[in-house]
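Residue numbers (this note's numbering): 48 to 667.
Just so you know, even glycine gets a beta-carbon here, dropped at the ideal spot from N, CA and C.
Here the structure is laid out as structure tokens; the discussion comes afterwards.
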């Protein structure tokens, strides 16, 4: 298949098409000398003796090319200085390639063309000039081969153990699109002065037009080649560099269009995650398509082997794949975040995000290692270095790793969740957030306490929010009375707790626990049917007030251990004060405004802000 190129139109969309391969050449060319029947027969026999050699597989890496180029530059520099001024060259295959490389470096096309054996060429290719042949051969050769100049023979007779005639050396092969291989030979021919020199074989030169027809550039590419400055970079010709820039711009707009159309198709499917899908198609997928399209367009430029190796080793494919992979990971993460939020498991969201970041980092590292391996770098050394570096990082980040492991423990065991009231040591507060490093607790004093996860997960934590009830536990001490009074008080207390709507009958335990000196100690233990602490305090307040009334109605007196005198013996309210207290209680009861267990919502709203702080302001 013929590979050709057309540039973009004014809209920056470069259309690549297949056209008849034509190489621009000067019409005025020297007439080739006609072949006699004997010469044709001789050439046929020589070609029959040639052995076809398989082309080297395209397995070069960027590092191989750089090393080969570096060695070649050193050899060329030494040999050019050594051969300077000698007009009877080249006498060896190595000298031939050195002089060709030197002529190419100096852009001396005429001198480079002089190293072609132009004898006995067919008349049908007479319009091709030596410069045309050399330009075409250079382009065709570079598409599939890279010469290791240091492997060439520096013997005047060339390689004698290659199975070829003594006057020929094989430079390499060029493979056609149909798989046929055309060998490129170096041949030792008479120099007309009694000696012999090496040139590129006329048998190979005769194959160049046919090879160009199959593998060469299109007309427009040749026109650009002729009219643009002769500049090469990383194996790219000047016209290929300009085309690459055009392709880069075109690929972006094509990727935008393709990603938008794909996004619209994807959004036609009913889903609960439209924003995440839109972000994926406009972000990761768009950049992936951009690099993919650019890579596909670059493959249409008939790049040289060196340029293809540089392009493959540049990591464009790996970058595109990595961008797509990271986008898919983010899409899965965001989807699971929405799913957890809908399921009420928000506590996992804080852990999901950093772990997704870790997965992304590992993915990038693995792709980078694979790319470096494909680029020709020794990964064993790099991996060993990473192992030592990882050990050093692990030792330096030991505390951080402990906290991360503590976070995993907290999220898997779930002793507490964000929003839970808990006790940690002597600290009581509400868990605000469980991060990778620390757990944030809002204390009862409304301060924020950061507790490292390694510490928080290794000590006892009391979770008040997971209680199924709240325990009401009291020891009331009464001044020693008669046994009958105590029996009545115990009976009425048991009746009180068994009849109260918020007390759990099955948990009620009211007992005269002990007698200490002049004090009777009654133990009260009952579960309150609530998990709301404020509700519990209201119930406890109601029970406490009812117990006070019950004890006083029975004629008993509260006391401490061994105490006989009470506070009321030192201070006793007047009869008028006691009357006012009873009057206030009766008024609340009649108006149904008794503030027990609490004020109503309307009453709270009416009282809000009724009392202001009286602050004296200094006047100057």
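* Asked: I think residue 421 touches residue 403, with their Cβ atoms under 8 Å apart; what is that distance to the nearest whole Å?
  -> 27 Å between Cβ atoms; not a contact.
* Asked: Below 7 Å between beta carbons: does that hold for residue 141 and residue 199?
  -> yes
* Determine, using beta-carbon pairs with one atom in the region 507-516 and one in the region 468-484, whether at least three such pairs fall under 8 Å. => yes
* **Among 566, 532, 591, the one whose alpha carbon lies nearest that of residue 544** => 591
* Asked: Any idea which residues DSSP pairs residue 228 with across the strands?
  -> 222
* What are the residues that DSSP puts in a beta bridge with residue 245? -> 235
* To do: Per DSSP, which residues does residue 487 bridge with? Please list them.
  => 480, 497
* To do: Classify residue 127 as helix, strand or coil using the three-state DSSP reduction.
  => helix
* To do: With a 10 Å radius around its C-beta and 16 neighbouring C-beta atoms as the bar for buried, classify residue 246 as buried or exposed.
  => buried
* DSSP puts residue 522 in a beta bridge; with which residues? -> 570
* Contacting residues, own chain, Cβ-Cβ under 6 Å from residue 187 (five flanking each side not counted) -> 221, 258, 262
* Asked: Which of the three DSSP states, helix, strand or coil, is assigned to residue 158?
  -> helix
* CB contact flag (residue 378, residue 335, <7 Å) -> no
* Decide if residue 635 is buried, meaning its Cβ has at least 16 other Cβ atoms within 10 Å, or exposed. => exposed
* Candidates 292, 197, 129: closest to residue 119 by CA position -> 197
* Which class does residue 215 belong to by DSSP, given the choice of helix, strand or coil? -> strand
* Asked: Using the C-alpha atoms, what's the distance from residue 362 back to residue 705?
  -> Any property of residue 705 remains undetermined from this structure, which presents the chain solely from 48 to 667.
* Which residues in the same chain have their Cβ closer than 8 Å to the Cβ of residue 318, if we skip the five residues on either side of it in sequence? -> 324
* To do: Pull up the CB-CB distance for residue 569 and residue 586, whole angstroms please, since I reckon it's below 8 Å.
  => Not confirmed; about 19 Å, so no contact.
* Coil, strand or helix - residue 558 by DSSP -> strand
* Answer yes if the region 227-237 comes into contact with the region 150-161, meaning at least three C-beta pairs across the two stretches below 8 Å, and no otherwise. => no
* **Per-residue burial, residue 331 [other beta carbons within 10 Å of its own, 16 or more giving buried]** => buried
* Does the region 174-191 come close enough to the region 350-362 that 3 or more CB-CB pairs lie under 8 Å? -> yes
* **Segments of 4+ residues assigned as alpha helix (DSSP H) that fall wholly inside the region 304-391** => 321-329, 331-345, 352-360, 363-389
* What is the DSSP secondary structure of residue 517, reduced to helix, strand or coil? -> strand
* To do: Measure the alpha-carbon distance for residue 153 versus residue 297 and round it to whole angstroms.
  => 35 Å
* Between the Cα of residue 493 and the Cα atoms of 503, 505, 483, 468, which residue gives the shortest distance? -> 468
* residue 653 to residue 567 span [Cα, whole Å] -> 45 Å
* For residue 539, which residues from the same chain have a beta carbon less than 6 Å from its beta carbon, with the 5 sequence-adjacent residues on both sides left out? -> 597
* Determine whether the Cβ of residue 368 lies closer than 7 Å to any Cβ atom of chain B. => In the structure shown, chain B cannot be found, because there is only a single protein chain.
* To do: Mind checking which residues open and close the beta strand (DSSP E) that includes residue 471?
  => 468-471
* Return the first residue and the last residue of the alpha helix (DSSP H) that residue 591 is part of. => 580-600
* Straight-line CA distance for residue 647 to residue 557? -> 32 Å
* **Cβ-based neighbour list, residue 149, same chain, cut-off 7 Å, excluding 5 preceding and 5 following** => 123, 127
* Sheet register partners of residue 550 (DSSP bridge) -> 575
* Same chain, Cβ closer than 8 Å to residue 342, five either side skipped, listed in chain order -> 358, 363, 364, 367
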